[in-house]
Amino acid sequence: MDCLFCKIINGEVPSTKVFENDMVYAFRDISPQAPEHVVIVPKEHIKSANEINAGNVKYISAIWEAVPQIAKQLGVDADGYRVVNNCGKNGGQTVDHLHFHLMGGREFGWPAG
Ligand code: 5GP
Ligand code: ZN
Numbered sequence: 009m010d011c012l013f014c015k016i017i018n019g020e021v022p023s024t025k026v027f028e029n030d031m032v033y034a035f036r037d038i039s040p041q042a043p044e045h046v047v048i049v050p051k052e053h054i055k056s057a058n059e060i061n062a063g064n065v066k067y068i069s070a071i072w073e074a075v076p077q078i079a080k081q082l083g084v085d086a087d088g089y090r091v092v093n094n095c096g097k098n099g100g101q102t103v104d105h106l107h108f109h110l111m112g113g114r115e116f117g118w119p120a121g
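When you line the sequence shown up against our numbering, it's residues 9 to 121, in that order.
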């Protein structure tokens, strides 16, 4: 399958690994929007949030179980961080493999704009 994040997971495309277990892979974003910016992906190809279902939601659980561990590892747990999922065109999704951005080391505004 011609999917960039599947290639990153299987090592075909190099990445800077931050965290890995049997269900989750996390790596540094190539174009960071914060001092700490990690992309967290399920090891199964799920196209977007629209494709989450009863059969694969265990990957979302695994990702969120990893979030506090990654935040602690990055040293952003105490000050806080933002976790973002972009879905589809209006959400700003550019890679069609479900992922969450974990960003920290600076303050983020709200509303998102
Ligand atoms: P999206 O816009 O789909 O929510 O996020 C995709 C993210 O993947 C972007 O933040 C982009 O910088 C990152 N990205 C795109 N290509 C690569 C790559 O080859 N390596 C890494 N590490 N990140 C990438
Ligand atoms: Zn994929």
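Glycine residues also receive a C-beta, built at the ideal position from the N, C-alpha and C atoms.
Note that the structure is a prediction, hence the values are computed from the model and not measured.
Near ligand 1: residue i beta-carbon under 7 Å from a heavy atom
i    : result
R90  : no
H107 : yes
D10  : no
F94  : The sequence as given places Asn at residue 94; Phe does not occur at that position. At least one heavy atom of ligand 1 is nearer than 7 Å to the Cβ of N94, so yes.
R36  : yes
Q101 : yes
S56  : no
Candidates the options: closest to residue i by CA position
i    : options             : result
F35  : A74, H105, S23      : S23
K15  : H53, N29, K97       : H53
F116 : H105, Y89, N94, C11 : Y89
S56  : A120, G100, P119    : G100
Any non-hydrogen atom of ligand 2 closer than 7 Å to residue i Cβ
i   : result
C14 : yes
C-beta contact flag for residue i and residue j at 8 Å
i   : j   : result
C95 : N64 : no
Do the region 99-109 and the region 35-50 meet, that is, are 3 or more Cβ pairs less than 8 Å apart?
-> Counting Cβ pairs under 8 Å, three or more are found: they touch.
Entirely within the region 11-95 and at least 3 residues each: give me those beta strand (DSSP E) ranges in chain order.
-> The qualifying runs are 25-28, 32-36, 44-50, 89-92.
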